[in-house]
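To start, the structure itself, in structure tokens.
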Amino acid sequence: ELWSEIQEQLSHVLESARHVVLPSGYIVGERVVSKIEYQIDKGRISRDDVGIVKGFGTGEDRCRISVDFPNLRSVNMMPSQIKREAGDVDVAMLIPLGGSREARGGEGTGTTKSTGAQGSPCDGSHKKHPPWAR
Numbered sequence: 421e422l423w424s425e426i427q428e429q430l431s432h433v434l435e436s437a438r439h440v441v442l443p444s445g446y447i448v449g450e451r452v453v454s455k456i457e458y459q460i461d462k463g464r465i466s467r468d469d470v471g472i473v474k475g476f477g478t479g480e481d482r483c484r485i486s487v488d489f490p491n492l493r494s495v496n497m498m499p500s501q502i503k504r505e506a507g508d509v510d511v512a513m514l515i516p517l518g519g520s521r522e523a524r525g526g527e528g529t530g531t532t533k534s535t536g537a538q539g540s541p542c543d544g545s546h547k548k549h550p551p552w553a554r
């Protein structure tokens, strides 16, 4: 019975993680495509490799996203190094971030544009507008 309780609690934790918004609006479980080439002793990533978003990157840089690729796991990627897989859901359509749907990519357009959180240190906008002017 203890094992069943642990499994149930873990499933709730995992489900909660799917709703965490990562830098640039990425979400856990989302399929992404590498825009870069990268190789280390443990493996490599090629341009256009498809990976799965696992969460925030490890370490102190909260602008990085952890992605599992087929030949290399737990890679800390900057949002600029990945893109949404064609046909993936437009996260900006699912998560209300303020403004109209049209401003976030248009209703029913099937775009993969994501605005991310306004004023995020990951998108550079915090440098354009001081906190009191947002």
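Residues 421 to 554 (our numbering) are what the sequence shown spells out, left to right. Here a beta-carbon is modelled for each residue, glycine too, at the ideal position from N, C-alpha and C. Only a predicted model underlies this, so the values are computations on that prediction, with no experimental measurement involved.
{"Check": "Residue ranges of each beta strand (DSSP E) run of no fewer than 3 residues wholly in the segment 425-466, ordered along the chain?", "Outcome": "451-454, 458-460, 463-465"}
{"Check": "Got a sec, what are the start and stop residues for the beta strand (DSSP E) Ser494 sits in?", "Outcome": "492-497"}
{"Check": "Applying the criterion that 16 or more other CB atoms from any shown protein chain within 10 Å of the CB defines a buried residue, is Val487 buried or exposed?", "Outcome": "buried"}
{"Check": "Inspect the CB distances between the segment 432-449 and the segment 490-497 and report whether three or more fall short of 8 Å.", "Outcome": "no"}
{"Check": "State buried or exposed for Ser444, treating a residue as buried only when at least 16 other CB atoms are found within 10 Å of its CB.", "Outcome": "buried"}
{"Check": "Near Pro499, which residues of its chain fall below 6 Å by C-beta distance, leaving aside the five closest residues on each side in sequence?", "Outcome": "Pro443, Ser444"}
{"Check": "Give every residue of the same chain whose Cβ lies closer than 8 Å to the Cβ of Glu457, excluding the five residues on either side of it in the sequence, and list them in chain order.", "Outcome": "Arg464, Ile465, Ser466, Arg467"}
{"Check": "Between Ile460, Val453, Lys462, Arg484, which has its C-alpha nearest Gly471's C-alpha?", "Outcome": "Val453"}
{"Check": "Following the continuous beta strand (DSSP E) through Ser486, name the residue where it begins and the one where it ends.", "Outcome": "485-489"}
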